[in-house]
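Peer 1:
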Amino acid sequence: MKAIQIDKFVTDLGSVTPKDVPSPKPHSQKALYIKITHAAVTHVDLLYAQGLHQNNKRHVQPPFVLGTEFSGIVISASPSSSFKPGKRVFGGGLGSFAEEICVDEASVRYVPQQWNNAEACAVGASGAVSYGALVDVANVKRGEVVLVLGASGGLGVMAVQIAKALGAKVIAVVGDAEKADVVRRIGADAVVDYHDDKWEDKVRDLTPENQGVEVVYDSIGAVESGIKCLKYRGRVVVVGFAARGGKMENVRANRILLKSAMVHGYRFGEDGRHDPQRTNNVWDGFMKLVDSGKIQPVIYKEEYRGVEAVPQALKDAENHKSWGRAVLRIDDNAENELQRQKSRL
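Under the working numbering, the first residue of the sequence shown carries the number 9, and numbering increases by one thereafter.
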C-alpha cells in the first residue's frame, strides 16, 4: 500500500513522499482492519514528522507511518466486534496517511448518518476534545463569556460551536479576515485579530464592565495572554501548543495568583488511558450535540487528493493557510461505491 512513512525526522515538511510499504496487520483480537477514505492534517502531524512532539522521545520513533486522524470503511473485524465489515467509521490512530490502517475498536466511532466520510474526518477527535475541555473541565455555564484562542483551527471551530450550544457568548481570536468569516459563520459572537496591538485589551472591552471572560479555551499555547483576558477567578483550559512549534510556554506563576485563576491542562488521550469511562461519557455528550444538529464540520477549501497531496497539505498547515481541518481524499471512491451498493439493496 502507499503511505507516508517517516524513516528519519525531517526539517522540510514538503520533502515527505509516499512510498510502498507493507499493509498493516491486526495486533490484537480487538483490532479493526480499515480501508482509509479520508485523512485529516493536524498540528500533531507536523510535530511528529519533525521529531518535535513529546511523544517522539518515547514511542513515536522512526520508522513510522505519519497521520493521526482518518475516516474509512471496515474491511475486517473479529467476530465479537460491534463494528462489522462494510460500515463507515472515523477515529484516530498513528498511521492514517496511508491507504489502510489497523486500530483498536475503542479508537473509532460510527460515522453519523447525516455526515459523509470527509465531514466525519474533519471533526475527528477534535469535537470530543473540545467537549471534554469545556464541559468536563471548565464546566461552562449558560450566559458566561468564553474566549477561544486558535478559534479557526480544527480544535477551535469545535470549541466555538460547543460553547454556543452550551449557551455561552463566544469571543474568537484568529489571524486574518478569511478566518474571521469562518468563525462568524459557525456562531462566534465577536472576533479579535491577534495581530492587533493590545488585542487582549480588545477582548476585555467586549465583556461586561470590561472585567474579562469567565473561560479561556487555549489550543495554541498562550496561557499568559489568556490570563490577561480573564475575569477574576476565571478558568483557563489548555489543550495544545499549536503556535509554539513544540516549545512549551513559560508562565509566570504570579499572573495566576493575581487573578486567582484556575489553569487546567487537559490531555484527552491520557484521560482515556486513566479513565476510559470518563472519555466514553465525553464522546457520548458530544455525539448528542451532533445528533441534535448543533455541530457543523468545517473543511478547508483546498482539495487534497491522494497520499501524494500530503506534503502540500502539511506545508499549508505549517504556513497557517488552512482553517478548520484540511482533509485528504485518500480514496473517496470506496465510500461512493459503498453508497451505490446500499442504494441497490
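The C-beta atom is built at its ideal place from N, Cα and C for all residues, glycine as well. Since this is a predicted model, take the numbers as computed values, not measurements.
1. If the criterion is Cβ atoms closer than 8 angstroms, does the pair Leu-155 and Val-221 meet it?
2. Could you tell me whether the Cβ atoms of Val-231 and Tyr-274 are closer together than 8 angstroms?
3. By DSSP, does Val-259 sit in helix, in strand, or in coil?
4. Let me know the secondary structure DSSP gives Cys-110 once reduced to three states.
5. First and last residue of the beta strand (DSSP E) that includes Leu-242?
6. Is the beta carbon of Leu-60 less than 8 angstroms from the beta carbon of Lys-323?
7. State the start and end residues of the unbroken beta strand (DSSP E) segment that holds Ser-79.
8. If you measure from the beta carbon of Gln-304 to each beta carbon in chain B, is any gap under 8 angstroms?
9. What residue does the alpha helix (DSSP H) around Val-182 start on, and which one ends it?
10. For Arg-77, which option in Ile-338, Val-259, Glu-345 and Ala-196 has the closest C-alpha, if you only look at C-alpha atoms?
11. Per the DSSP calculation, Ala-47 is bridged to which residue(s)?
12. By Cβ distance below 8 angstroms, which residues in the same chain neighbour Arg-348 in space, the five residues on each side in sequence not counted?
13. Looking only at its chain, what residues have a beta carbon closer than 6 angstroms to the beta carbon of Ser-31, apart from the 5 residues adjacent to it on each side?
14. With 16 as the cutoff for other CB atoms within 10 Å, does Asp-166 come out buried or exposed?
15. Pick helix, strand or coil for Val-145, following the three-state DSSP scheme.
16. Which residues in the same chain as Val-200 place their Cβ atom closer than 6 angstroms to its Cβ, once the five residues preceding and following it in sequence are excluded?
17. Can you tell me whether Tyr-225 is helix, strand or coil according to DSSP?
18. On a CA-only basis, which of Lys-267, Gly-195, Arg-313 and Tyr-202 is nearest Ala-48? Give me that one, please.
19. On the three-state DSSP scale, how would you describe Met-9?
20. Could you check where the beta strand (DSSP E) with Tyr-118 kicks off and where it finishes?
21. Could you check which residue in Ser-268, Asp-226 and Tyr-240 has the C-alpha nearest to that of Gly-161?
22. Over the uninterrupted alpha helix (DSSP H) stretch that includes Val-318, give me the two end residues.
23. Tell me, to the nearest whole angstrom, how far the beta carbon of Ile-194 is from that of Gln-304; I am working on the premise that it is less than 8 angstroms.
24. Can you find at least 3 beta carbon pairs, one from the stretch 31-46 and one from the stretch 69-87, that sit closer than 8 angstroms?
25. Ordered along the chain, which non-local residues of its own chain (more than five positions away) have a Cβ less than 7 angstroms from that of Lys-172?
26. Identify every residue that forms a DSSP beta bridge with Leu-40.
27. Within the continuous alpha helix (DSSP H) that includes His-282, where are the two ends?
28. Check whether the stretch 136-155 and the stretch 59-75 touch, using three or more Cβ-Cβ pairs below 8 angstroms as the test.
29. Could you check whether the stretch 127-135 touches the stretch 95-109, counting it as contact only if at least three pairs of C-beta atoms, one from each stretch, sit closer than 8 angstroms?
30. Helix, strand or coil, according to DSSP, for Val-97 in the structure here?
31. Measure from the alpha carbon of Phe-249 to the alpha carbon of each residue in Ala-114, Asn-125 and Leu-157, then state which is nearest.
32. Just list the residues that DSSP pairs Gly-273 with in beta bridges.
33. Pick out whichever of Ile-264, Glu-186 and Val-259 has its Cα sitting closest to the Cα of Gly-332.
34. Can you tell me where the beta strand (DSSP E) holding Ala-159 begins and where it ends?
35. Relative to the C-alpha of Asn-258, which residue among Ser-233, Gly-242, Ile-14 and Ala-11 is closest?
36. What is the rounded straight-line gap between the Cα of Asn-344 and the Cα of Gly-75?
Peer 2: Concretely, from the data shown:
1. Between Leu-155 and Val-221, the C-beta spacing is below 8 angstroms.
2. Taking 8 angstroms as the cut-off, the beta carbon of Val-231 is found no closer than this to the beta carbon of Tyr-274.
3. In the structure shown, Val-259 sits in coil (DSSP, three-state: anything other than H, G, I, E or B).
4. strand
5. Reading off the sequence shown, one finds Gly at residue 242, where the question assumed Leu. From DSSP, the beta strand (DSSP E) with Gly-242 extends over 238-246.
6. no
7. 77-84
8. The question asks about chain B, but that chain is absent: this structure has only one protein chain.
9. For Val-182, there is no enclosing alpha helix (DSSP H); the enclosing beta strand (DSSP E) covers residues 177-182.
10. Sequence inspection shows Glu at residue 77; the Arg mentioned does not correspond to that position. Looking at the Cα atoms, Ile-338 is the closest of the given residues.
11. Phe-78 and Leu-336
12. none
13. Result list for Ser-31: Met-9 and Glu-108, in chain order.
14. Note on identity: in this sequence residue 166 is Met, with Asp being the wrong assignment. Buried, by the Cβ-count rule.
15. helix
16. Val-181, Trp-207, Lys-210 and Val-211
17. Tyr-225 falls in the strand class under three-state DSSP.
18. Arg-313
19. coil
20. 116-118
21. Asp-226
22. 318-326
23. 6 angstroms
24. yes
25. Val-178 and Gly-195
26. Val-111
27. 276-282
28. Because the criterion of three Cβ pairs below 8 angstroms is not met, the stretch 136-155 and the stretch 59-75 do not touch.
29. yes
30. Reduced to three states, the DSSP call for Val-97 is strand.
31. Leu-157
32. Val-246, per the DSSP bridge assignment.
33. Residue nearest to Gly-332 within the set Ile-264, Glu-186 and Val-259 is Glu-186 (criterion: CA-CA distance).
34. No beta strand (DSSP E) contains Ala-159, which DSSP labels as neither H nor E.
35. Asn-258 has its Cα closest to that of Ser-233, out of Ser-233, Gly-242, Ile-14 and Ala-11.
36. 23 angstroms
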